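With the numbering used here, the residue at position 58 of the sequence shown is 62, and numbering never jumps.
Quick reminder that beta carbons are idealized off the backbone N, C-alpha and C, glycines included.
Please read all numbers here as calculations on a predicted model, not as lab measurements.
The structure appears right after this line, and notes come after that.
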Amino acid sequence: MSEEIRAKYLDILNNRFDYKLQAYVLDGIVQDCGHQDDDECNCEARRYANRSLDSVYEEKGWNLKEHQDTQITHQIIADKAFDKALADGRLSKNPSASNYEGNYMFMGNDKGKDTFKHVQSRKYDV
Ligand SMILES: [Zn+2]
Numbered sequence: 005m006s007e008e009i010r011a012k013y014l015d016i017l018n019n020r021f022d023y024k025l026q027a028y029v030l031d032g033i034v035q036d037c038g039h040q041d042d043d044e045c046n047c048e049a050r051r052y053a054n055r056s057l058d059s060v061y062e063e064k065g066w067n068l069k070e071h072q073d074t075q076i077t078h079q080i081i082a083d084k085a086f087d088k089a090l091a092d093g094r095l096s097k098n099p100s101a102s103n104y105e106g107n108y109m110f111m112g113n114d115k116g117k118d119t120f121k122h123v124q125s126r127k128y129d130v
């Protein structure tokens with residue numbers, strides 16, 4: 005993977021939910037879970053809030069670069085699937101269209117067909 009591609013996608017990875025840690029990340033910093041009341045929620049987001057993702061991964065003995073490369077590879081596959089679905093008319097760039105791309109998550113390729121799930125209805129209807 006080229007450094008150019010890596011840099012482009014790192015900006016995305018540093019500003020979204022980190023599935024491995026199960027916490028939101030903003031500018032590379034772990035965000036507090038926001039769970040209410042004083043109960044010990046014991047979640048990773050609370051435990052590692054306000055720390056850099058790099059330092060948390062290092063403390064856990066997790067390989068951040070490997071984790072990022074895997075996610076970037078998946079993201080590139082997803083981006084290609086979205087581009088193809090838009091070109092084929094399965095998805096639309098029009099926010100008021102029922103098949104607006106922003107309402108769908110790429111769920112992988114099943115027997116040669118790219119699958120997309122609606123984020124609210126959870127239906128595979130495109
Ligand atoms: Zn929590």
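Have a look at the options and flag the residue whose alpha-carbon is nearest the alpha-carbon of residue i.
i: residue 82; options: 93, 111, 56, 22; result: 111
i: residue 84; options: 113, 98, 72; result: 113
Within 10 angstroms of the Cβ of residue i, are there 16 or more other Cβ atoms? Answer buried if so, exposed if not.
i: residue 25; result: buried
i: residue 124; result: exposed
i: residue 118; result: buried
i: residue 105; result: buried
Taking the beta strand (DSSP E) that residue i belongs to, which residues open and close that run?
i: residue 112; result: 108-114
i: residue 97; result: Note, residue 97: premise wrong, no beta strand (DSSP E); not H, not E.
i: residue 118; result: 117-122
Does the Cβ of residue i lie closer than 7 Å to at least one heavy atom of ligand 2?
i: residue 103; result: Looking at this structure, you won't find ligand 2 anywhere; what it does contain is ligand 1.
4 or more residues per run - each alpha helix (DSSP H) lying fully within the segment 12-95: 48-51, 57-64, 68-92, all fully within the segment 12-95.
Shell residues, 6 Å Cβ cut-off relative to heavy atoms of ligand 1: Counting every residue whose Cβ lies closer than 6 Å to a heavy atom of ligand 1, we get 37, 39, 45, 47, 49, 50.
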